[in-house]
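Undergrad: One line per chain: the protein sequences are A and B, in this order. To convert, note that position 153 of the first sequence is 147 in our numbering; the numbers rise steadily by one, no gaps. To convert, note that position 154 of the second sequence is 501 in our numbering; the numbers rise steadily by one, no gaps. Positions of the beta carbon are idealized from the N, C-alpha and C atoms, including for glycine. Here the structure is a predicted model, which is why all the values come from computation and not from measurement. Mind having a look at this structure? Questions to follow.
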Amino acid sequence: MSEIPWWAGEGLWRKVAVWVTAGSFVVLIFLTFDSIEAISAGSQRVPAYSVINQQVRYEFDAARNIQKPVIGGGAPLFGQTLDEAEAEALVTLGKKTVQAKNCMNCHTLLGNGAYYAPDLTKAWLDPAWGSETARETLMLGFLMDPTANARTYGTGRRMPKLDITEQEARGVIAFLKWMSSIDTNGFPYNFKSLAQESRS
Amino acid sequence: MSIGENNLQGLNGGQRLAVKYFVVALALFGAQLLFGLLAGLQYLKPDLLYGVLDFSVNRMVHINAMVVWMLYGFIGSVYWLLEDESGTNVVGLKLGNLAFWVLTAAVGVVVLVYLFVQIGPGTDTTLWLINEGREYIEAPRWADIGIVACVLIFFFNVAATFMKGRWSGIAGVLVLDLVALAGLYLAGMFYTTNVSVDQYWWWWVIHLWVEATWEVLVGCIMAWGLIQTLGAKRRIVQTWLYIEVALMFGSGILGLGHHYFWIGTPEYWLTIGGFFSALEPVPLVAMVVHAVYDAGSHGFRSSNHPALAWLIAHAFGNFFGAGVWGFMHTLPQINLYTHGTQWSASHGHLAFFGAYATINIAVFYIAVQGARGGVWMSAHLPGNGWKWKWALALLNVGVVGMTVALLIAGYEQSFVERAIEGSTWAGYFAGQNHPWFLQAMHWRMIFGWVTLLGFALLVWDLFTIGAGETREARDVHPGEAATA
Ligand code: HEM
Ligand code: HEM
Ligand SMILES: [Fe+2]
Chain A
-5 MSEIPWWAGE GLWRKVAVWV TAGSFVVLIF LTFDSIEAIS AGSQRVPAYS VINQQVRYEF
55 DAARNIQKPV IGGGAPLFGQ TLDEAEAEAL VTLGKKTVQA KNCMNCHTLL GNGAYYAPDL
115 TKAWLDPAWG SETARETLML GFLMDPTANA RTYGTGRRMP KLDITEQEAR GVIAFLKWMS
175 SIDTNGFPYN FKSLAQESRS
Chain B
348 MSIGENNLQG LNGGQRLAVK YFVVALALFG AQLLFGLLAG LQYLKPDLLY GVLDFSVNRM
408 VHINAMVVWM LYGFIGSVYW LLEDESGTNV VGLKLGNLAF WVLTAAVGVV VLVYLFVQIG
468 PGTDTTLWLI NEGREYIEAP RWADIGIVAC VLIFFFNVAA TFMKGRWSGI AGVLVLDLVA
528 LAGLYLAGMF YTTNVSVDQY WWWWVIHLWV EATWEVLVGC IMAWGLIQTL GAKRRIVQTW
588 LYIEVALMFG SGILGLGHHY FWIGTPEYWL TIGGFFSALE PVPLVAMVVH AVYDAGSHGF
648 RSSNHPALAW LIAHAFGNFF GAGVWGFMHT LPQINLYTHG TQWSASHGHL AFFGAYATIN
708 IAVFYIAVQG ARGGVWMSAH LPGNGWKWKW ALALLNVGVV GMTVALLIAG YEQSFVERAI
768 EGSTWAGYFA GQNHPWFLQA MHWRMIFGWV TLLGFALLVW DLFTIGAGET REARDVHPGE
828 AATA
């Protein structure tokens, strides 16, 4: 068939497919370099792990019209100020525990994962912990024995015991505190934080 | 070769290997449904198997069985069409068989470890031997390496066979796409403490698989399937394939940004991700038009009615599940509220089923036809083909029913938990306790059982259709020399 119009030719569309794919991929690589730098630990958006030595709040920012994390004054986790390497080691233990115990197949982290249990992005700031002073002990107790400390709000849906050691639980809490300091463009929206005495 | 009897010797080498993949795929599909049902029941009866087979375990097996059975189906489909398309024998058939057994053994071990070991201490050893704890790609690192090795063998077989035989447009797209598909898996094979960086690369695997490379892979299978079942013209089908590749990669690659709204990544992704992902439905519309037009222009005179029906189900399922359901929550203005709710589960179910379960089932029917010596599978089957028709209906009604139930739960959760309560622990349960949510969970189970029933019928049909049939398959390539 010789009367195929130019715009319906196989060869033309093969070229278009190759160029569009290559072009999109190059743009993605470029944006990836930029993004990875913007989210490396210690950047504006993703604070260094030693942020666990400080207070973390989640406050409305009028200029951006969303809530964003605010890093306050000293508030060392479990009363111990850690240097950068120690802080990274503790958060790393927490992150590995989160993976090893498969938290992501019940919970969401940064909104990704499973929907059987609350989102953990701002779990550190959850008002259910009651107060700043009680929080660390309550979290420790909960993670090590969620059955005995179950709340379930009438659903009966409990978190199982995952054989988390005390050291692992401290790591997980460090991880959760650090994660709550990440700038997530206002997600979760309208989150109602635990009341904290503002330290700057 | 006698017709109507199981006769694997009548198949070519690639096709015999494909049948093995299909059998395992079907078994894993069954496992997927059973563990999905368990997980779904736990929403309603949280004490069920608490501390024994927790929700996390059931869910992990549910989604991993899904990913693996679909990949098995794809590998099988490619082996099925390879010798026809290339005009020569599979180059490394022995190696291909070896890879099949190694992969299957590895999958078996991984599942046993998931079920009986489940979790470990927060160490690298756990991530290497038990579970990596990252949704969809939970497989421990040792298994990742095994998977990559087996996929490389598969890739070698495909590329080398086309090289030895003849290339075609479908072959070229397929081979390049497989390079990308395998390469992307590597982006998920490392550990990092930084959860934002972790999720950045995690989405490279998940999104660039299902919304780019898998779409193009099934585009190739669809192109070949239309030539097979309808006798569609190769030139037209291949031109369509190129258009679909351009549109799919052109929107899907940067559409990746719809997962970068809230994970710490910069604000420019709100614009880029929103814009490009909003274009992703375009190629999916094109695919519907293509399939329906081709089927219509051949007067629906196909050589394999069940396969054609499932191909059309694929076109529509892909369009609705991925295109419509995806579009509905892809703009950041709505995703801020729907992100990580039952909304996502609603879309996930319809998209994976509609886009990928369907086309695999279509190829299963093509394979069954071949395995029975090329029997008649068009109109006037015994019993009017009630089994395949009911299987088709029940599976689709089941999944659509679950999707709608989850959508209602998702709306409720987005409003109550996300928008009003602000996603706290108490806010989460305020959403989960709502009567609308609970009703939706019941309906999800009802339609889940319907899905299971459809599956049982499908298996029965696949093992019996064409048995004792004496007519030969309708010839849809009149006048053309039979392809080698
Ligand atoms: C066949 C193709 C597709 C499949 C199999 C698929 C599957 C999925 C799945 C399973 C998820 C949930 C991921 C998780 O567990 O966190 C998801 C999320 C998402 N999908 Fe798709 N999808 C497809 C195509 C699309 C398209 C074309 C769009 C947009 C037009 C889209 C938009 C989204 C969005 C915005 C999310 C994020 C949901 C959230 O924020 O929680 N998807 N997809
Ligand atoms: C027997 C019927 C089924 C039932 C009862 C069922 C149940 C479930 C449950 C309870 C979850 C966990 C959702 C959550 O985290 O809260 C889930 C997740 C999922 N299921 Fe199913 N399922 C069934 C069939 C299927 C089918 C046929 C497919 C696709 C072919 C599928 C694909 C998925 C996907 C992709 C996810 C992850 C969704 C996400 O993370 O957003 N399921 N399913
Ligand atoms: Fe996506």
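Roughly how many angstroms separate the alpha carbons of A:Glu31 and B:Met749, rounded to a whole number?
TA: The alpha-carbon atoms of A:Glu31 and B:Met749 are separated by roughly 41 Å.
Undergrad: May I ask you to report which of helix, strand or coil DSSP gives A:Lys62?
TA: A:Lys62: strand per DSSP, three-state reduction.
Undergrad: Buried or exposed, going by whether 16 or more other CB atoms sit within 10 Å of the CB of B:Phe802?
TA: Flag for B:Phe802 reads buried.
Undergrad: Check the Cβ of B:Asp394 against every Cβ in chain A and list those closer than 8 Å, keeping chain order.
TA: Within 8 Å Cβ-Cβ: Gly150.
Undergrad: What residues come near ligand 5, if near means a beta carbon less than 5 Å from any of its heavy atoms?
TA: With respect to ligand 5, the structure offers nothing, as its ligand set consists of ligand 1, ligand 2 and ligand 3.
Undergrad: Identify, in the order they occur along the chain, each residue of the same chain with its Cβ nearer than 7 Å to the Cβ of B:Val454, setting aside the five sequence neighbours on each side.
TA: If we look at B:Val454 and ignore the five residues flanking it on each side, its Cβ neighbours are Val415.
Undergrad: DSSP beta-bridge partners for B:Phe463?
TA: BP columns for B:Phe463 are empty, so no partner.
Undergrad: From which residue to which residue does the alpha helix (DSSP H) around B:Phe376 run?
TA: 360 to 391 is the extent of the alpha helix (DSSP H) around B:Phe376.
Undergrad: Measure from the alpha carbon of B:Gln465 to the alpha carbon of each residue in B:Leu577, B:Met407, B:Val371, B:Thr508, then state which is nearest.
TA: Answer by Cα proximity: B:Met407.
Undergrad: Return yes when the C-beta of A:Ser34 is under 7 Å from any heavy atom of ligand 1, and no when it is not.
TA: Every heavy atom of ligand 1 is 7 Å or more from the Cβ of A:Ser34, so no.
Undergrad: Work out the CA separation of A:Asn106 and A:Gln38 for me, nearest whole Å.
TA: The straight-line gap from Cα to Cα measures roughly 22 Å.
Undergrad: Starting from B:Thr586, find everything on chain A with Cβ-Cβ shorter than 7 Å and list it in chain order.
TA: Within chain A, the residues near B:Thr586 are Ala2, Glu4, Trp7.
Undergrad: Please classify B:Arg513 as buried or exposed, where buried requires at least 16 neighbouring CB atoms within 10 angstroms.
TA: Label assigned to B:Arg513: exposed.
Undergrad: Who does A:Gly68 pair with in a DSSP beta bridge?
TA: Its beta-bridge partners are A:Gln48.
Undergrad: Can you have a look at B:Gln389 and say buried or exposed, based on whether 16 or more other CB atoms are within 10 angstroms of its CB?
TA: Buried: at least 16 other Cβ atoms inside 10 Å.
Undergrad: Relative to chain B, which residues along the region 98 to 111 of chain A have a C-beta separation below 7 Å, given in chain order?
TA: From the region 98 to 111 of chain A, only Met98, Asn99, Cys100, Thr102, Leu103, Leu104, Gly105, Asn106, Gly107, Ala108, Tyr109, Tyr110 have a Cβ closer than 7 Å to chain B.
Undergrad: Give me the Cα-Cα distance between B:Pro613 and B:Gly535, rounded to the nearest whole angstrom.
TA: Roughly 21 Å between the two C-alpha positions.
Undergrad: Beta-carbon separation of B:Gly717 and B:Gln362 under 8 Å?
TA: Cβ distance < 8 Å, so B:Gly717 and B:Gln362 count as in contact.
Undergrad: Along the chain, which unbroken stretches of the alpha helix (DSSP H) at least 4 residues long are found entirely within the region 452 to 509 of chain B?
TA: Fully enclosed alpha helix (DSSP H) runs of 4 or longer: 471 to 476.
Undergrad: Unbroken alpha helix (DSSP H) runs of length 4 or more, entirely within the region 129 to 160 of chain A: which are they?
TA: Counting only runs of 4 or more, we get nothing.
Undergrad: Would you check if the distance between the CB atom of B:Leu353 and the CB atom of B:Glu430 is smaller than 8 Å?
TA: Residue identity differs from the one stated: residue 353 of chain B is Asn in this sequence, not Leu. No, the pair does not count as a contact, with Cβ atoms beyond the cut-off.
Undergrad: Which residues mark the beginning and the end of the alpha helix (DSSP H) in which B:Thr612 is found?
TA: Neither: B:Thr612 is in no alpha helix (DSSP H) and is coded neither H nor E.
Undergrad: Taking the runs of the alpha helix (DSSP H) that are 4 residues or longer, which of them lie wholly in the region 506 to 541 of chain B?
TA: For the region 506 to 541 of chain B, whole alpha helix (DSSP H) runs of length 4 or above, ordered along the chain, are 516 to 533.
Undergrad: Does the beta-carbon of A:Thr127 have 16 or more other beta-carbons within 10 angstroms, so that it is buried, or is it exposed?
TA: Under this definition A:Thr127 is an exposed residue.
Undergrad: Just checking: is the beta-carbon of A:Lys186 within a distance shorter than 8 Å of some beta-carbon in chain B?
TA: A:Lys186 counts as touching chain B.
Undergrad: Taking 8 Å as the CB-CB cut-off, is A:Asn143 touching chain B?
TA: No, A:Asn143 lies away from the interface with chain B (no Cβ there is under 8 Å from its Cβ).
Undergrad: Using a Cβ-Cβ cut-off of 6 Å (strictly less than) and excluding sequence neighbours within five positions of B:Ser650, which residues of its own chain qualify?
TA: Once the five neighbours on either side are set aside, the close Cβ partners of B:Ser650 are Thr576, Ala820, Arg821, Val823.
Undergrad: State yes or no: is the C-beta of B:Phe663 nearer than 7 Å to some heavy atom of ligand 1?
TA: No, since every heavy atom of ligand 1 falls outside the 7 Å radius drawn around the Cβ of B:Phe663.
Undergrad: Contact defined as beta carbons within less than 8 Å: I believe A:Asp177 pairs with B:Gly611. What is the distance between those atoms, to the nearest angstrom?
TA: Contact holds; Cβ gap of about 6 Å.
Undergrad: Would you report the Cα separation of A:Ala83 and A:Thr75, rounded to the nearest angstrom?
TA: Cα to Cα, the separation comes out at about 13 Å.
Undergrad: Taking only beta-carbon positions, decide if B:Gly620 is within less than 8 Å of chain A.
TA: No, no contact with chain A.
Undergrad: Strictly under 8 Å for the Cβ-Cβ distance: is A:Arg39 near chain B by that measure?
TA: Yes, its Cβ sits closer than 8 Å to a Cβ of chain B.
Undergrad: Under 8 Å: do the region 682 to 700 of chain B and the region 652 to 669 of chain B share three or more Cβ pairs, one atom per stretch?
TA: They touch, by the three-pair rule.
Undergrad: Please list, in chain order, the chain A residues whose beta carbon lies closer than 8 Å to that of B:Tyr589.
TA: Here the neighbours are Glu4, Trp7, Arg8, Val10, Ala11.
Undergrad: When you compare the CB of B:Ala829 with every CB in chain A, is at least one pair closer than 8 Å?
TA: Unreliable placement is indicated for B:Ala829, whose pLDDT of 39 sits below 50; the coordinate value is still reported in the next sentence. No, B:Ala829 lies away from the interface with chain A (no Cβ there is under 8 Å from its Cβ).
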